[in-house]
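Numbering (full-length UniProt numbering), first residue to last: 1 to 227.
All C-beta atoms in this analysis are idealised placements derived from N, C-alpha and C, irrespective of residue type, glycine included.
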Amino acid sequence: MLGGIPRKEGMERKDMMSKNVPIYKEQASALEEHAASDCKVLVVANPVNTNALILKEFAPSIPEKNITCLTRLDHNRALSQIAERLKVNVIDVKNVIIWGNHSSTQYPDVNHAIVTTPNGERPVKELDTDDHWLKNEFINTVQQRGAAIIKARKASSALSAASAACDHMRDWVLGTPKGTWVSMGVYSDGSYEIPKDIIYSFPVKCVIIKSGRHKLKLSLKNSLQLV
Ligand SMILES: NC(=O)c1ccc[n+]([C@@H]2O[C@H](COP(=O)([O-])OP(=O)(O)OC[C@H]3O[C@@H](n4cnc5c(N)ncnc54)[C@H](O)[C@@H]3O)[C@@H](O)[C@H]2O)c1
Ligand SMILES: O=C(O)C[C@H](O)C(=O)O
């Protein structure tokens, strides 16, 4: 779901709420009326967590587990920051986590992140012992990347957002690679002591359980969501 006004320089994503929430009420009615009840929904327009929650409220026939929002762009940004820092290929970094909102309050977490090296898999925290960089510059860069792009090109990220949307849908439909999780904004079932009934970015494993049915498994704990 891409429709919605983008923010301009100096604005936060939540400043788009008054413009974009009415759009998502309308889109929800259209989904409620015309979409298959097992459709999979990815909300990209900001503020994504709120817009996804609006869709969930106003399209009640679509199961809440089928409504997600995009935090994969933040996830990819975090992988890329780590890869650049450690001078490795981005494909060799995995299992960062974006917690929370697609906003400047998100928490990019490297505590479980892994790098594949010629000597096997190693924790990022073992390869980069500069706690100050991990706790400050890394987190700020990922939190502020959207704003930095708007400042530089006077428009929101485009290709990286499209690519992240493809990554999100591919992993949701085909499953996350073994031993890997990704970040997705999903309806909270109370895992990790996050309040229920909000759309929140968690580490998610997508597991295909049988043809045509998918299980969204919140990783690190045994809480399951069936989609
Ligand atoms: N979650 C993310 O990672 C991420 C990344 C990039 C952009 N975004 C967000 O995606 C949204 C779109 O960004 P963009 O750069 O493509 O903006 P854009 O202005 O290029 O495109 C917005 C689109 O929304 C359509 N639109 C406007 N009003 C509408 C309505 N009432 N109903 C349906 N569609 C309507 C417009 O016709 C246009 O095609 C913005 O909210 C932006 O902040 C999110
Ligand atoms: O920052 C924005 O407003 C656009 C998008 O959400 C992004 O993260 O690039």
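Any non-hydrogen atom of ligand 2 closer than 7 Å to residue i Cβ
i: residue 163; result: no
i: residue 147; result: yes
i: residue 108; result: no
i: residue 98; result: no
i: residue 168; result: no
i: residue 159; result: no
i: residue 150; result: yes
i: residue 13; result: yes
i: residue 102; result: yes
Rounded distance between the beta-carbons of residue j and residue i, thought under 8 Å
i: residue 44; j: residue 152; result: The Cβ separation is near 20 Å, so there is no contact.
i: residue 20; j: residue 39; result: Contact flag wrong, Cβ pair sits at about 21 Å.
i: residue 114; j: residue 95; result: 5 Å
i: residue 93; j: residue 138; result: About 12 Å separates the two Cβ atoms, so there is no contact after all.
i: residue 228; j: residue 184; result: With the chain running from 1 to 227 in the structure shown, residue 228 is simply not present.
Residue i CB to nearest heavy atom of ligand 1 below 7 Å
i: residue 76; result: no
i: residue 44; result: yes
i: residue 82; result: no
i: residue 156; result: yes
i: residue 20; result: yes
i: residue 6; result: yes
i: residue 23; result: yes
i: residue 48; result: yes
i: residue 3; result: yes
i: residue 17; result: no
i: residue 112; result: no
i: residue 34; result: no
i: residue 70; result: yes
Inter-residue spacing [alpha-carbon to alpha-carbon] between residue i and residue j
i: residue 174; j: residue 86; result: 30 Å
i: residue 73; j: residue 8; result: 18 Å
i: residue 89; j: residue 75; result: 15 Å
i: residue 59; j: residue 159; result: 29 Å
i: residue 36; j: residue 16; result: 29 Å
i: residue 178; j: residue 42; result: 23 Å
i: residue 129; j: residue 120; result: 18 Å
i: residue 118; j: residue 124; result: 14 Å
i: residue 157; j: residue 207; result: 29 Å
i: residue 61; j: residue 192; result: 27 Å
i: residue 70; j: residue 14; result: 15 Å
i: residue 24; j: residue 5; result: 11 Å
i: residue 260; j: residue 80; result: No answer is possible for residue 260: it lies beyond the span of the chain, which begins at 1 and ends at 227.
i: residue 182; j: residue 33; result: 31 Å
i: residue 171; j: residue 204; result: 10 Å
i: residue 18; j: residue 195; result: 24 Å
i: residue 53; j: residue 163; result: 23 Å
i: residue 225; j: residue 27; result: Bear in mind that a pLDDT of 42 at residue 225, under 50, signals an unreliable position, so the model cannot answer this.
i: residue 227; j: residue 209; result: Since pLDDT at residue 227 reaches only 37, below the 50 mark, its modelled position is unreliable, and no value is offered.
i: residue 46; j: residue 83; result: 27 Å
i: residue 77; j: residue 107; result: 13 Å
i: residue 12; j: residue 116; result: 36 Å
i: residue 223; j: residue 141; result: Model confidence at residue 223 stands at a pLDDT of 44, short of 50, so the residue's coordinates are unreliable; what they give is reported in the following sentence. Each residue's alpha carbon lies about 31 Å from the other.
i: residue 147; j: residue 31; result: 31 Å
Near ligand 4: residue i beta-carbon under 7 Å from a heavy atom
i: residue 73; result: You won't find ligand 4 in this model; what it holds is ligand 1 and ligand 2.
Practice problem: Pick out the complete beta strand (DSSP E) segments inside the stretch 15-43, 3 residues or longer, and give them in chain order. | Solution: 41-43
Practice problem: Could you pull out every unbroken beta strand (DSSP E) segment of at least 3 residues lying fully inside the UniProt domain "Lactate/malate dehydrogenase C-terminal" (71-205), listed in chain order? | Solution: 97-99, 107-109, 114-117, 120-123 and 182-187
Self-check item: Segment contact, 8 Å Cβ cut-off, at least three pairs: the stretch 182-202 with the stretch 99-115
Solution: yes
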